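Asker: Here our numbering is used: the first residue of the sequence shown is 4, the next is one more, and so on.
Built from N, CA and C at the ideal position, the CB exists for glycine as well.
This structure is a prediction, so every number in the text was calculated from the model and none was measured.
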Amino acid sequence: MAGLALVPLLALHGRSRFLETGQRLSAERREPLAVVLATLASASRVARDWGQWDQIRDYVLQPTPGPLPEPIEPTSVLEIGRVMAVVHDSGRVLFIRGGDGDPRALHLSLLSCARPNLAALEALKQVRLLACRDARGFDYLGAATRVTNSAKTLGAPAVMLFFVPLHTLELGPAINTQVYRLSRDFAWAVRPTAVGASAQDLPPGLEPLGFPDPVYGPGGRQLMLRQPSAQGPALELLGRDLALAALVLALALSVRMLLMLERRRVRLQQRQIERRGNTRIRRLSAELESLLDGVGMPNLAANRSDRVLARLMQAAPGPDDDTPAGRGGAAGQVLEERMQRLISRFQAVLVRAKALALLDPLTGLPNRRYFIEHLQLELDHSRQGGGPASSPGAEGIGVAVTARHAILFVDIDRFKAINDSYGHRTGDAVLKAVAARLQRLIPPGDFLARYGGDEMAILHDLQSLQGKPIELQRQALGQWAETLLSAFRTPLPLEGLELTISISLGVHLLDSAQDDGSEALKCADLAMVRAKGKRHRQIVVFDRQHDSADLNSYQLYVDLIQAIQDQQLTMLFQPIFGPSGQVHAVEALARWTHPQLGVIPTETFLALAEQHRDMVFLGEELLRLALEGFRRIHARDASIRLALNLHPSKLLDPELVSRLLARLEQIHLPSSCLTVELTEQSVLEPGPAVERNLRQLREQGISLSLDDFGTGYSSLVLISRLRPDELKIDRSFAQAMLRDDYASQIVSLITTMAGSLDLELVAEGVDSAEVLEALRALGVQRFQGFLLARPMPEAELLERLDGRGFDFPDTSALAQIPQG
């Protein structure tokens, strides 16, 4: 009976395995299908670019077209076996180029496959996607389109064909294998065209590609896929499941028998076990109570880690003295109460101990928290007037408690470049090597920690200089810091590599009057920031009398971080107008109003975030504000674009595009509505990360704009390399062109260049009607400035879009400007 009951379950499991296998096989097809679709899109783009070209049309219209002229010979696109052809409507092949193997046989195969599909090309801009297989069994993906002029208004009696071989795609072994397997399932069939026809009406065993447009092949038939068979893999998996189920069932029966035997044995010996267990529990409870009583009692004679542990554990609750251990009741009740009290205390200790990860796992040094707590302990002891006390620590380093110390922040110069060039594995090896070298260089009484990232921190003992003038202490400290710098002129021995690095030092001398560890760390950090600002191998000693401005700047930075956390930053939007006064786009502009200092200039808080390496944190908040505000604007008018200013440091972030796309997906905005504004500085010397981010932005349909054009290098090579969609003329030219003919000529040249390169052109700084009129006269089509609209909150912008409008001057006259 039990076996019969398992039959339906096995049937259901078999069906589930069959469905899972089918879904897995379908999922395996998604990536190669995406490659096929991308290849078709690429072929379609090349066919349009070459077929819709004045010189190709002129060649076709010749009475007797001869050899191709050199300017239109398609050698640049015929790499790795690609084929291009132009076929006259009469069926005559005007020219055909490319291919591998036997070109003649290949050309005949492709033309034979393509010809039945050419008659369907009637509209000038129509493209027909093709998939053909040559005599060797190799598949070619291509596209066909009518030959027209560049403006796509005049046709010619010929068709442009372009094919890309699937077997020569350079995508890596794994994806090439997947594409090859997919191509083996290609099949061409006549798809039903009757009204109401669906995927169920296809020939048996075939399924559609699922592409937006059909793909045609020999005889005008459509490309389809043979349905994958899941029966064999599913049966194999089901067989494994049954074997595993049988094994589990046998093990379960064995365990059940063992448990039955064990219960019988336990019942026979239960009294002896209970008696012994109670005795053992009492003994362990006493030992555990003794151990817990010893935690949380600071002892300056203890080693370093014990003292820090004691400081962190002081908040753990002590024994529950209100519950007498011998309160009445049976012995079992007393034992239960004692165990409950121990459990409560031990849980409290565990909660408190979660924060006790005192060592950095990579270098083995004390970590940031350990350093901060140890520093505060030393300051507290110095303030209490304690004399030096020493005992060996857990790390084998003597602890010297003195009244005066110095903090040295050690930063590895260009550490990010090391990670980018050699990889994070080498970067980790550099950190360990630097830590080991510093450990050998510091005196026994000093305390070295990894403070975070590529920063180390040293609490330097000044006991040997105690009682000497402060200037002498500074001089001696500077000499020792120079020794640290010099020690890193020798290359670091890494695995298979010798790397020479440099370090920068920020130094702060603290005395017993300074009892705030966070204040001391802030001073040392400011000294480090100044050292990093002076390039490499620098030492900066903090001087309170001369560095008060830096302290104020640091406080403003702290306020900025708090403002980001409290969401006090705001985002304004300034419209960019088209030639007839319509809002073409809005530029997102960040603002911060400080509670005490009022409005802080954008350049100021951006520079603060950059200086303290928190640009990613600030950038994420500004991106959130910009996209959430623009979401309502986009819902009101989907034709309006959003212009986002991208700080140069953001382009170095390898996660830039993925985070941007995640934000867009989260608030349901298409990437095609974005224009990213870049300065010349950010792309002047692009590294691999910058080039990768620019490429990914273009692939996602995000437009690129070169901001403040004309103020930097304005290199034509830069434009050629970046290939922006838009140029923004800097406001300084717009404001100077009325009084400076030279500035007017520059704007005219930029306008001419933009028109020749088919670039959008936006003029900033349109603050007067005269400037607007002058820009219009030069043919500028996009305008932004205080004359037209100031930056405004999203609510005000929506109100104007809904009816109040904008005071755009002379709209009727602007409407007569030809559209570019």
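Looking only at its chain, what residues have a beta carbon closer than 8 angstroms to the beta carbon of L475, apart from the 5 residues adjacent to it on each side?
Answerer: The count along the sequence shown starts at 1 and reaches residue 475 at position 472. So the qualifying residues of the chain are L468.
Asker: Is DSSP giving W56 helix, strand or coil here?
Answerer: Here the question's residue 56 lines up with position 53 in the sequence shown. Coil.
Asker: Grouping DSSP H, G and I as helix and E and B as strand, with all else coil, what is F811?
Answerer: Locating residue 811 in the sequence shown gives position 808, where the first residue counts as 1. Here F811 sits in coil by DSSP.
Asker: Whose C-beta lies closer than 8 angstroms to the C-beta of E624 among residues of the same chain, with five residues either side of it excluded?
Answerer: In the sequence shown, residue 624 corresponds to position 621, counting from 1. Hits under 8 angstroms: I567, Q570 and L572.
Asker: For a test of the three-state rule: what should DSSP assign to I178, helix, strand or coil?
Answerer: Here residue 178 corresponds to residue number 175 of the sequence shown, with the count starting at 1. If DSSP states are grouped into helix, strand and coil, I178 belongs with the helices.
Asker: What residue range is occupied by the uninterrupted beta strand (DSSP E) comprising L764?
Answerer: By one-based count along the sequence shown, residue 764 stands at place 761. Run containing L764: E763 to A766, per the beta strand (DSSP E) assignment.
Asker: Would the stretch 66-76 and the stretch 223-230 be scored as touching if the rule is three or more Cβ pairs under 8 angstroms?
Answerer: no
Asker: Which residues does DSSP list as the beta-bridge partners of G280?
Answerer: Within the sequence shown, numbered from 1, the residue matching residue 280 stands at position 277. Within the DSSP secondary-structure output, G280 pairs in no beta bridge.
Asker: Would a C-beta distance cut-off of 7 angstroms place P796 and Q577 closer than the cut-off?
Answerer: For the purposes of this step, residue 796 is taken as the residue at position 793 of the sequence shown. For the purposes of this step, residue 577 is taken as the residue at position 574 of the sequence shown. The criterion of a C-beta distance shorter than 7 angstroms is not satisfied by P796 and Q577.
Asker: So, A177 versus L164, is the Cβ gap smaller than 7 angstroms?
Answerer: Indexing the sequence shown from 1 puts residue 177 at position 174. Indexing the sequence shown from 1 puts residue 164 at position 161. Taking 7 angstroms as the Cβ cut-off, A177 and L164 do not qualify as a contacting pair.
Asker: If you run the structure through DSSP and keep just helix, strand and coil, what is T148?
Answerer: The count along the sequence shown starts at 1 and reaches residue 148 at position 145. Strand, per DSSP.
Asker: Identify, in the order they occur along the chain, each residue of the same chain with its Cβ nearer than 7 angstroms to the Cβ of V49, setting aside the five sequence neighbours on each side.
Answerer: One-based indexing of the sequence shown puts residue 49 at position 46. Residues of the same chain with a CB within less than 7 angstroms of the CB of V49, apart from the 5 flanking positions on each side, are V80 and F165 in chain order.
Asker: Using only the alpha-carbon positions, how far apart do D137 and R60 sit?
Answerer: Your numbering for residue 137 matches position 134 in the sequence shown. Your numbering for residue 60 matches position 57 in the sequence shown. Each residue's Cα considered, the two are about 29 angstroms apart.
Asker: Taking three-plus beta-carbon pairs below 8 angstroms as touching, is the stretch 602-614 in contact with the stretch 630-644?
Answerer: Counting Cβ pairs under 8 angstroms, fewer than three are found: no touch.
Asker: So the beta strand (DSSP E) K731 belongs to, where does it begin and stop?
Answerer: In the sequence shown, the residue the question calls residue 731 occupies position 728. First-last of the beta strand (DSSP E) with K731: E729 to I732.
Asker: Quick check: what's the CA-CA separation for L121 versus Y62?
Answerer: Residue numbering aside, residue 121 sits at position 118 when the sequence shown is read from its first letter. Residue numbering aside, residue 62 sits at position 59 when the sequence shown is read from its first letter. Cα to Cα, L121 sits roughly 19 angstroms from Y62.
Asker: Taking the beta strand (DSSP E) that R3 falls in, what are its first and last residues?
Answerer: Only positions 4 to 823 of the chain appear in this structure, which leaves residue 3 out of reach.
Asker: On a Cα-Cα basis, can you pick out the residue from L524, V433, V586 and L411 that is closest to G808?
Answerer: On the sequence shown, residue 808 is found 805 positions in, with the first residue counted as 1. Distance from the Cα of G808 is smallest, within the candidate group L524, V433, V586 and L411, for V586.
Asker: Would you list the residues sitting across from V90 in a DSSP beta bridge?
Answerer: Translated into the one-based positions of the sequence shown, residue 90 becomes position 87. Answer is V96 and V162.
Asker: Quick one: residues in its chain with C-beta nearer than 7 angstroms to the C-beta of D92, no 5 flanking neighbours on either side, listed in chain order?
Answerer: Here residue 92 is taken as the residue at index 89 of the sequence shown, counted from 1. Cβ neighbours of D92 beyond the five flanking positions: P160 and A161.
Asker: Helix, strand or coil for F620, going by three-state DSSP, please let me know.
Answerer: The residue you call residue 620 lines up with position 617 of the sequence shown. Note: F620 maps to helix in three-state DSSP.
Asker: With DSSP run on the structure shown, which of helix, strand or coil describes Q225?
Answerer: For the purposes of this step, residue 225 is taken as residue 222 along the sequence shown, with counting starting at 1. Here Q225 sits in strand by DSSP.
Asker: Beta-carbon within less than 7 angstroms of L659's beta-carbon, same chain only, minus the 5 sequence neighbours each way: which residues are those?
Answerer: Numbered from its first residue, the sequence shown carries residue 659 at position 656. Here the set comprises K653 and N696.
Asker: Given L174, which residues of its chain have a CB within under 8 angstroms of its CB, disregarding the five upstream and five downstream residues?
Answerer: The residue given as residue 174 occupies position 171 in the sequence shown. Only V38 and V182 meet the Cβ criterion.
Asker: Quick check on the burial criterion: 16 or more other C-beta atoms within 10 angstroms. Buried or exposed for M263?
Answerer: Taking the first residue of the sequence shown as 1, we reach residue 263 at position 260. It is exposed - the Cβ of M263 has fewer than 16 other Cβ atoms within 10 Å.
Asker: Mind checking T503: buried by the 16 CB within 10 Å criterion, or exposed?
Answerer: Stepping through the sequence shown from its first residue, residue 503 is reached at position 500. Around the Cβ of T503, a 10 Å sphere holds fewer than 16 other Cβ atoms; the residue is exposed.
Asker: Does DSSP put A46 in a helix, in a strand, or in coil?
Answerer: Position 43 of the sequence shown, counted from the start, is the residue given in the question as residue 46. Helix.
Asker: Pop quiz: A88 and V218 are said to be a contact at Cβ under 8 angstroms. What is the actual Cβ separation, rounded to whole angstroms?
Answerer: The residue you call residue 88 lines up with position 85 of the sequence shown. The residue you call residue 218 lines up with position 215 of the sequence shown. That pair is no contact at about 18 angstroms.
Asker: Run through DSSP, which three-state label would L804 get?
Answerer: Looking up residue 804 in the sequence shown gives position 801. L804 falls in the helix class under three-state DSSP.
Asker: Starting from E82 and walking both ways along the beta strand (DSSP E), at which residues does that stretch end?
Answerer: Locating residue 82 in the sequence shown gives position 79, where the first residue counts as 1. First-last for E82: undefined, no H or E at that position.
Asker: On a CA-only basis, which of S675, L752 and P207 is nearest A192? Give me that one, please.
Answerer: Taking the sequence shown and counting its residues from 1, one reaches residue 192 at position 189. Looking at the Cα atoms, P207 is the closest of the given residues.
Asker: Start and end of the alpha helix (DSSP H) containing Q826?
Answerer: Residue 826 lies beyond the stretch modelled for the chain, which goes from 4 to 823, so this question has no answer here.
Asker: Would you identify the three-state DSSP class for S583, choosing helix, strand or coil?
Answerer: Position 580 of the sequence shown, counting from 1, holds the residue named residue 583. Of the three classes helix, strand and coil, the one that applies to S583 here is coil, per DSSP.
Asker: Check this for me: beta carbons of V510 and L411, under 7 angstroms apart or not?
Answerer: Counted from its first residue, the sequence shown places residue 510 at position 507. Counted from its first residue, the sequence shown places residue 411 at position 408. Taking a C-beta distance under 7 angstroms as the contact criterion, V510 and L411 qualify as a contact pair.
Asker: Taking Cβ to Cβ, would you say D769 is nearer than 7 angstroms to R785?
Answerer: As a first step, residue 769 is located in the sequence shown; it is residue number 766 there, counting from the start. As a first step, residue 785 is located in the sequence shown; it is residue number 782 there, counting from the start. Looking at the sequence provided, one finds Val at residue 769 rather than Asp. R785 sits away from V769, with the two beta carbons spaced by 7 angstroms or more.
Asker: Among V437, L497, P582 and L563, which residue has its Cα nearest to the Cα of R616?
Answerer: One-based indexing of the sequence shown puts residue 616 at position 613. Here the closest residue by C-alpha is L563.
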